[in-house]
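> As numbered in the numbering used here, residues 5 to 598 make up the sequence shown, in order. Take a look at this one; I'll ask things after.
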Amino acid sequence: MNDSKWPNLAAMFFEQAARNGPKPFLWAKRDGQWRPLSWRETAAEVSALAGGLVKLGVAKGERVILVSENRPEWLIADLAIMAIGAVTVPAYTTNTTADHLHIINDSGAIGAIISTARLAADFLPAAVEAGSVEFAVAMEKPEAGEYGEGLSVHGWDEALDRSAAGIEQAAAAWGPDDVACIIYTSGTGGAPKGVMLHHGAILHNCEGARDALFELGLGDEVFLSFLPLSHSYEHTAGQFFPISIGAQIYYAEGIDSLGPNMVETRPTIMTAVPRLYEMMHSRIMRGIEKQGGLKKALFMKALELGRSRHQNPGSLNPLQRIADAVLDKLVRDKVRARFGGRLKAMVSGGAPLNPDIGMFFTGLGLTILQGYGQTESAPVISVNRPGRVRMDTVGPPMKEVEVRIAGDGEILVRGQLVMKGYWKNGEATNQAIRDGWLHTGDIGELDEDGYLKITDRKKDIIVNSGGDNISPQRIEGLLTMQPEIAQAMVYGDRHPYLVALLVADAEWAKAWASENSKPGELKTLAGDRDFLKALGGAVERVNKGLSNIERVRRQMAADEPFSVENGQMTPTMKVRRHKLKEAYGEALEGLYPK
């Protein structure tokens with residue numbers, strides 16, 4: 005059932021473009037200045053690129069890979085693909101050539117749209133090797149060269165067909181059940197699976213988000229897009245939801261420029277991941293410690309009173325209420341100004357938010373709404389509502405989303421937001437969707453008011469604090485291929501980077517100890533700095549072949565092998581992660597700076 009007034013995402017965009025016409029829509033910084041594209045100009049570009057893709061042979065249902073950092077052309081390319089009934093396959097800019105090769109081969113994509121020469125250098129060799137990609141459109145055309153037999157590379161302007169007619173009318177033909185995009189997400193075996201999201205699923209999410217944020221008084225909203233658009237969270241919440249409410253989108257220059265960009269663009273709504281809050285928290289607290297004295301005292305008092313007011317409404321006495329109002333001007337206004345000064349809400353998702361971090365910003369006058377979802381649900385399942393935030397929960401389910409808890413505690417989800425399935429993987433689809441219910445792989449509970457709380461992860465996928473899904477098994481497999489390492493466990497859920505627990509190869513450790521005049525027992529060597537440095541050399545070799553988010557930044561040595569006898573492995577020789585975390589969790593946490 006499609007409750008949206010639009011049949012598909014492209015039709016939604018074209019209708020909003022017709023309504024908003026000359027109003028500014030997409031903003032990017034060029035030559036130090038923020039420059040806009042109007043809704044009308046964007047629609048013309050979408051139509052021209054859609055016409056160009058038709059000329060290049062793209063037909064309904066065919067897949068086109070999109071490799072680009074966030075920029076106006078990302079949205080234009082995405083909508084152009086969808087306008088002709090084709091399927092967008094977003095790829096991360098951090099993908100290696102091997103990652104691209106897997107996605108090309110699995111998706112059977114016939115074309116690609118790439119932004120920079122640097123990204124093309126990683127993608128084009130995979131396209132040539134795969135052989136199925138017939139063309140690539142380059143926003144910034146790479147240097148001329150032989151790309152491979154049958155593969156043509158076109159510049160952006162060269163690919164546009166400005167004489168194309170009837171694109172907007174044709175776009176209305178696709179229905180809500182047609183696949184809009186295939187977003188690849190890591191599977192427990194390490195090979196990414198392609199999640200097929202139909203137009204209706206993303207439209208359902210947009211309608212749910214509008215309902216959840218309704219009481220904010222949605223009007224002329226401004227979004228600042230900085231999370232990767234290849235991630236389903238930003239794809240829906242940072243692109244299609246703004247389109248659905250006629251909002252403006254600014255594209256951040258990068259994570260390093262996020263602070264200045266927030267001040268310049270003054271967003272009203274932002275989609276964020278816990279890592280942003282962690283970074284901002286550290287930066288703010290370092291500044292306060294440096295200032296010290298009265299400024300620090302006022303800041304800490306504002307934080308204390310703000311927390312109390314949120315956690316126990318009505319608990320402040322008359323004097324505290326006066327102090328709270330004064331501190332709102334002296335302290336909280338300055339904090340809000342760092343976020344642009346007109347932020348109505350920041351929606352946190354992609355990874356679990358530490359409640360203490362959430363309460364820190366709440367106490368300082370910012371509204372943080374933590375939500376929950378996954379790629380397979382387009383992605384948002386639940387979110388806290390303004391004025392009714394429970395920071396230790398991910399809020400109640402969104403509009404027309406059913407959530408129930410299975411007998412084993414697993415969270416099950418039903419509704420139009422559920423994916424059509426995994427591309428060319430019926431077995432995985434049948435495991436994930438049973439009797440219409442999406443089995444999330446997460447463990448949780450619903451409280452008496454219907455708020456959802458995530459208590460554990462049933463699957464082993466690591467979700468870092470930036471919201472990236474990382475398969476530990478793949479990295480562990482590469483680590484244990486090194487002669488120095490016998491066993492490994494990668495760790496990093498909710499953290500900014502990965503660390504590893506390593507078991508040294510017994511023979512290598514014995515030889516190293518002999519050569520370096522050290523005692524040979526693992527229990528003793530585990531704390532030896534030189535020994536850890538030697539193990540680090542093996543880690544560095546593995547890191548060279550990994551993407552940035554997969555690299556292991558620090559490591560420690562286990563004082564005994566993982567075994568069935570000590571309970572750290574199953575009888576089928578699988579690592580029992582929870583047991584290792586019990587034994588080494590405190591030490592692994594110690595690898596992260598406080």
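Idealized CB from N, CA, C, for every residue including glycine. Being a predicted model, the structure only gives us computed values, none of them experimental.
Assuming A142 and V157 form a contact by the criterion Cβ under 8 angstroms, report the distance between their Cβ atoms to the nearest whole angstrom.
Correct: roughly 6 angstroms between the Cβ atoms.
> Pull the bridge partners of A349 from the DSSP assignment, please.
Paired residues: I273.
> Mapping the DSSP letters down to three states, classify Q378 as helix, strand or coil.
Reduced to three states, the DSSP call for Q378 is coil.
> Check each candidate in R394, F343, L79 and name the one with the smallest Cα separation from Y281.
Of the candidates R394, F343, L79, the one whose C-alpha sits nearest the C-alpha of Y281 is F343.
> What residue range does the beta strand (DSSP E) around V62 cover?
Note, V62: premise wrong, no beta strand (DSSP E); not H, not E.
> Any idea what DSSP makes of H499, helix, strand or coil?
DSSP places H499 in coil when its eight states are reduced to three.
> Once DSSP output is grouped into helix, strand and coil, what is the label at A176?
It is coil, neither helix nor strand.
> Would you decide whether K424 is buried or exposed? Buried here means 16 or more other CB atoms lie within 10 Å of its CB.
Buried.
> Specify the secondary structure class of H235 as computed by DSSP and reduced to three states.
H235: coil per DSSP, three-state reduction.
> So, is N388 buried or exposed, given that buried needs 16 or more other C-beta atoms within 10 angstroms?
By the neighbour-count rule (16 or more Cβ atoms within 10 Å), N388 is buried.
> Measure the alpha-carbon distance for W43 versus E77 and round it to whole angstroms.
Going from the Cα of W43 to the Cα of E77 covers about 13 angstroms.
> Flag this pair as yes or no: are the beta carbons of R336 and L307 separated by less than 7 angstroms?
No, the pair does not count as a contact, with Cβ atoms beyond the cut-off.
> Go through its chain and collect everything with a Cβ distance to P359's Cβ below 7 angstroms, but skip five positions before and after it.
Only M395, D396 meet the Cβ criterion.
> Mind checking T528: buried by the 16 CB within 10 Å criterion, or exposed?
Classification for T528: exposed.
> Flag this pair as yes or no: are the beta carbons of L13 and A184 separated by less than 7 angstroms?
Closer than 7 angstroms, so yes.
> Is it true that the CB of K33 sits closer than 7 angstroms to the CB of E293?
Contact flag unset, no.
> Quick check on S248: does DSSP put it in helix, strand or coil?
Residue state, collapsed to three classes: helix.
> When DSSP builds the beta bridges, which residues end up paired with D103?
According to DSSP, which records beta bridges pairwise, D103 is partnered with nothing at all.
> On a CA-only basis, which of L505, A504, Q173, E525 is nearest A513? Give me that one, please.
Answer by Cα proximity: E525.
> According to DSSP, is W10 helix, strand or coil?
In this structure, W10 counts as coil in the three-state DSSP scheme.
> Roughly how many whole angstroms lie between the Cα atoms of P533 and Q559?
This sequence places Arg at residue 533; Pro is not what is there. Going from the Cα of R533 to the Cα of Q559 covers about 11 angstroms.
> Just how far apart, CA to CA, sit S386 and S352?
Whole-angstrom Cα-Cα distance: 11 angstroms.
> Below 8 angstroms, can you find three or more Cβ-Cβ pairs linking the stretch 104-124 to the stretch 62-75?
Verdict: yes, contact present.
> Round the Cβ separation of G159 and D181 to the nearest angstrom and send it over; I've been treating them as touching at under 8 angstroms.
G159 to D181, Cβ: 35 angstroms. No contact.
> Run through DSSP, which three-state label would T92 get?
Reduced to three states, the DSSP call for T92 is strand.
> So which of S518, A508, I187, V277 has the shortest CA-CA distance to A610?
Given that the chain is displayed from residue 5 to residue 598, the structure contains no residue 610 and the question cannot be resolved.
> Measuring from the CB of G589, is there a heavy atom of the ligand COA at a distance below 6 angstroms?
The ligand COA is not part of the structure shown, which contains no ligands of any sort.
> What's the C-alpha gap between E268 and G36?
Spanning the two alpha carbons is a distance of roughly 12 angstroms.
> Could you check where the beta strand (DSSP E) with I187 kicks off and where it finishes?
Segment 183-189, the beta strand (DSSP E) holding I187.
> With a CB to CB cut of under 6 angstroms and the five nearest residues on each side skipped, what residues in its chain are close to R555?
For R555, where only same-chain residues beyond five positions count, the Cβ hits under 6 angstroms are N547.
> Sort out for me which residues DSSP pairs N473 with in a bridge.
Bridge partners of N473: V467.
> Within a Cβ cutoff of 6 angstroms, which residues of the same chain sit near R311, ignoring the five residues on either side of it in sequence?
So the qualifying residues of the chain are M363, G367.
> Which value, in whole angstroms, describes the spacing of the CA atoms of E414 and D439?
Cα-Cα distance, rounded: 15 angstroms.
> Using 8 angstroms as the Cβ pair cut-off and three pairs as the minimum, do the stretch 449-459 and the stretch 467-479 touch?
Short answer: they don't touch.
> Could you tell me if G419 is buried or exposed, where buried requires 16 or more neighbouring beta carbons within 10 angstroms of its beta carbon?
Counting Cβ neighbours within 10 Å, G419 comes out buried, since at least 16 surround it.
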